[in-house]
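Numbering (our numbering), first residue to last: 47 to 185.
The C-beta atom is built at its ideal place from N, Cα and C for all residues, glycine as well.
All values reported here derive from a predicted model rather than from experimental measurement.
Working notes, structure below.
Here it is, written out as structure tokens:
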């Protein structure tokens, strides 16, 4: 009789680890960053240690967002050189050159891959920018 090959599939569950930071502890069900499969994933917004969106327009918000991002990267024992991709969201096209100026202060060549989007709004009405980013985590 003919026997069909029997394949056993090993399912490996990915372990996800939260990165502990000193950023404001959100009441929303989220982590500021997680590491899984050799990659750090994070989203950052322009809030201070009290969870308030900083005032001062796009430059102040871009700087706070990037400082929160840098803090998170360092909390994961990585450097900005480990960042592989950044997705930038701003609420007005005129804000992008200002965000770019601040962003450039945090990186040097080779730069991360990136994309920028102009969006109608963000989670908090007063927010002008947000980033989503990924970094390689050495194994």
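Is it the case that the CB of residue i approaches a heavy atom of the ligand GDP more closely than 7 angstroms?
i           : result
residue 173 : Absent from the structure shown: the ligand GDP. Ligands present: none.
Please name the residue in the options whose C-alpha comes closest to that of residue i.
i           : options               : result
residue 134 : 121, 156, 107 and 127 : 107
residue 61  : 112, 80 and 132       : 80
residue 63  : 73, 75, 87 and 71     : 87
residue 76  : 127, 137, 91 and 184  : 91
residue 132 : 115, 65, 140 and 104  : 115
residue 142 : 105, 128 and 120      : 105
residue 65  : 166, 163, 100 and 118 : 118
May I ask which residues mark the beginning and end of the beta strand (DSSP E) holding residue i?
i           : result
residue 39  : Missing from the structure shown is residue 39; the chain here goes from 47 to 185 and no further.
residue 123 : Here residue 123 belongs to no beta strand (DSSP E), and DSSP marks it neither H nor E.
residue 88  : 85-90
residue 180 : 175-182
With a threshold of 16 other CB atoms inside 10 Å of the CB of residue i, please say whether the residue is buried or exposed.
i           : result
residue 149 : buried
residue 179 : buried
residue 173 : buried
Return helix, strand or coil for residue i, following the three-state DSSP convention.
i           : result
residue 139 : helix
residue 160 : strand
residue 100 : coil
residue 14  : Here the chain has residues from 47 to 185 only, and residue 14 is not among them.
residue 150 : helix
residue 106 : helix
residue 170 : coil
Measure the beta-carbon distance from residue i to residue j and round it to whole angstroms, keeping in mind my assumption that it falls under 8 angstroms.
i           : j           : result
residue 125 : residue 159 : At roughly 17 angstroms, the Cβ-Cβ gap does not stay under 8 angstroms, so residue 125 and residue 159 are not in contact.
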